[in-house]
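Note that the sequence shown ends on residue 375 in my numbering; no numbers are left out. Take a look at the structure below.
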Amino acid sequence: MAGAAGARQEVADARRIVVKVGSSSLTTAAGGLDADRVDALVDVLAKHQDKEIVLVSSGAIAAGLAPLGLERRPRDLARQQAAASVGQGLLVARYTASFARYGRRVGQVLLTSDDTSRRAHYRNAYRTLDQLLAMGAVPIVNENDTVATDEIRFGDNDRLAALVAHLVRADLLILLSDVDGLYDGDPATPGTSRIAEVRGPADLAGVSIGSAGKAGVGTGGMVTKVEAARIAAAAGIPVVLTSAVHAADALAGGPTGTHFLRTGRRSADRLLWLAHASTPQGALVLDDGAVRAVVERHSSLLPAGIASVEGEFSAGDPVELRDGTGRAVARGLVNFDAREIPRLMGRSTRELARELGPAYEREVVHRDDLVLLHP
């Protein structure tokens, strides 16, 4: 038990914290923002003047439903984006007014995966969030739903919160929802119990994890929360999963919710985003020698090791690297357009430089822009 107490103390001592709150904790069943719920959450967060808090908040689409006369979350992308456009302004306005009661300022930060998997964009996102915290503001982060395509179809902010926690070098991630933790079965079924602590994947073996949220306004569910907790824990960030009504206890390191202990150490910053947030725009099929070089020796991918190219992509896009069986072994940011690669395949960079110029004496995917999917 001493270990558990020490782990909870680590939670209590956390200084930079990412808090994620779901739509069901902020809105009414009809889809509008619940001002009392927002104020209750802000009452908890604003009182912790000694902590730097980044709030990843769902609720934009849900908040836009009622003003647009929509009875439920639409399935088509265009109406989801319209609802997000209306709802995001209402959401931030509500947070602005609520935090103002404590003399606290807020700043809106809308992200897509592209903002954080590309090197320059990643640095800009970090600097913006870090500066907001340094100036005493509370960043309100959401996915940029009004322009996102594949991102909005993914639909939950749990994974975004885990990646933002890594981006800002947080000491703790708190995931708030309408359930007070992870249970070993359906919480509504008699005999099930809350799992207080998860030390690693083995602790979840045999646990049935539900998917749909009961309020009907979000898209996450427990599956996405557990996956987000795994991502953060593997990146060296402890996680507390609990309900919004227990937010104060979670921040204080109290025995609430489910505590996911860190299982790994921080990796190179952008690579976590590349692995978990990027959407591959195509694929490069590697010969056996290139697969061994990339996977075993952690080398860059050179033109000589490419057997074929699939899809349409531009330089800088994320692509999958596949072996001869079609299995994705890595993901990386490619340095050439898809249409350029066929004439490069199977040739050395020295040969290409002589024929095509010095711009072609480089890697197709540099090892610094490459992450293994099955390390």
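We put the CB at the ideal spot given by N, CA and C, even for glycine.
Note down the Cα distance separating T128 from V56, rounded to an integer number of angstroms. In the sequence shown, residue 128 corresponds to position 128, counting from 1. In the sequence shown, residue 56 corresponds to position 56, counting from 1. Straight-line Cα distance between these residues: approximately 15 Å.
Can you give the beta carbon distance from R94 to L33, rounded, assuming they're within the 8 Å contact cut? Counted from its first residue, the sequence shown places residue 94 at position 94. Counted from its first residue, the sequence shown places residue 33 at position 33. About 5 Å separates the two Cβ atoms, so the contact holds.
Taking the DSSP output, what are the residues bridged to Q108? Residue 108 sits at position 108 when you count from the first residue of the sequence shown. Per DSSP, I140.
Local Cβ density within 10 Å of G213, reported as buried at 16 or more and exposed below that: Within the sequence shown, the letter at position 213 stands for residue 213. Residue confidence for G213 is low, a pLDDT of 47 falling below 50, so the modelled location carries little weight and cannot support an answer.
Quick one: what's Y183 bridged to in DSSP? Translated into positions along the sequence shown, residue 183 becomes position 183. In the DSSP output, where bridge partners are listed per residue, Y183 has R194.
Assigned exposure category for Q131 - 16 Cβ within 10 Å defines buried: Taking the sequence shown and counting its residues from 1, one reaches residue 131 at position 131. The residue is exposed, with fewer than 16 neighbouring Cβ atoms inside 10 Å.
Cβ distance (whole Å) where A389 is taken to contact V309 below 8 Å: Residue 389 is absent from the structure shown; the chain starts at 1 and stops at 375.
Could you name the residues of the same chain whose beta carbon sits closer than 7 Å to that of A252, not counting the 5 residues immediately before and after it, in chain order? For the purposes of this step, residue 252 is taken as the residue at position 252 of the sequence shown. Only A12 meet the Cβ criterion.
S299 versus R367 - alpha carbon distance: Translated into the one-based positions of the sequence shown, residue 299 becomes position 299. Translated into the one-based positions of the sequence shown, residue 367 becomes position 367. Between S299 and R367, the C-alpha separation is close to 6 Å.
Closer than 7 Å by C-beta to R265: which residues in its own chain qualify, once you throw out the five before and the five after it? Chain order, please. Within the sequence shown, residue 265 is the residue found at index 265, counting from 1. Correct list, in chain order: G236.
Below 8 Å on the Cβ atoms is my guess for L333 versus V365; work out the distance and round it to an integer in Å. By 1-based counting over the sequence shown, the position of residue 333 is 333. By 1-based counting over the sequence shown, the position of residue 365 is 365. With a Cβ gap of about 7 Å, L333 and V365 count as contacting.
Less than 8 Å between the C-beta atoms of G87 and A60, yes or no? Position 87 of the sequence shown, counting from 1, holds the residue named residue 87. Position 60 of the sequence shown, counting from 1, holds the residue named residue 60. It is a contact, given that the beta carbons lie within the stated cut-off.
Determine whether the beta carbon atoms of G185 and R194 lie at a separation below 8 Å. Counting from 1 along the sequence shown, the entry for residue 185 is found at position 185. Counting from 1 along the sequence shown, the entry for residue 194 is found at position 194. No.
Considering only the alpha carbon of each residue, which of E296, R297, L286, T189 lies closest to E320? Looking up residue 320 in the sequence shown gives position 320. Of E296, R297, L286, T189, the residue nearest in Cα terms is L286.
Rounded separation between L173 and D39 - CA only: Numbered from its first residue, the sequence shown carries residue 173 at position 173. Numbered from its first residue, the sequence shown carries residue 39 at position 39. Cα to Cα, L173 sits roughly 21 Å from D39.
What are the complete beta strand (DSSP E) segments, minimum 3 residues, inside the region 227–278? 239–243, 258–260
Decide yes or no for the touch test of the region 61–69 against the region 77–85: beta carbon pairs closer than 8 Å, at least 3 of them. yes
Candidates I140, I209, L301: closest to V21 by CA position: Here residue 21 corresponds to residue number 21 of the sequence shown, with the count starting at 1. When each option's Cα is compared against that of V21, the closest is I140.
Name the DSSP beta bridge partners of T189, please? Residue numbering aside, residue 189 sits at position 189 when the sequence shown is read from its first letter. BP columns for T189 are empty, so no partner.
Roughly how many angstroms separate the alpha carbons of T258 and E227, rounded to a whole number? Looking up residue 258 in the sequence shown gives position 258. Looking up residue 227 in the sequence shown gives position 227. In a straight line, the C-alpha of T258 is about 13 Å away from that of E227.
Proximal residues to F260 (C-beta, below 6 Å), its chain only, five neighbours per side dropped: Walking along the sequence shown from the start, residue 260 turns up at place 260. Result list for F260: V198, A229, A233, V239, in chain order.
Determine the burial state of I152: buried for a count of at least 16 other Cβ atoms within 10 Å of its Cβ, exposed for fewer. Taking the first residue of the sequence shown as 1, we reach residue 152 at position 152. At I152 the pLDDT is 38, less than 50, meaning the model places this residue with poor confidence and gives no usable figure here.
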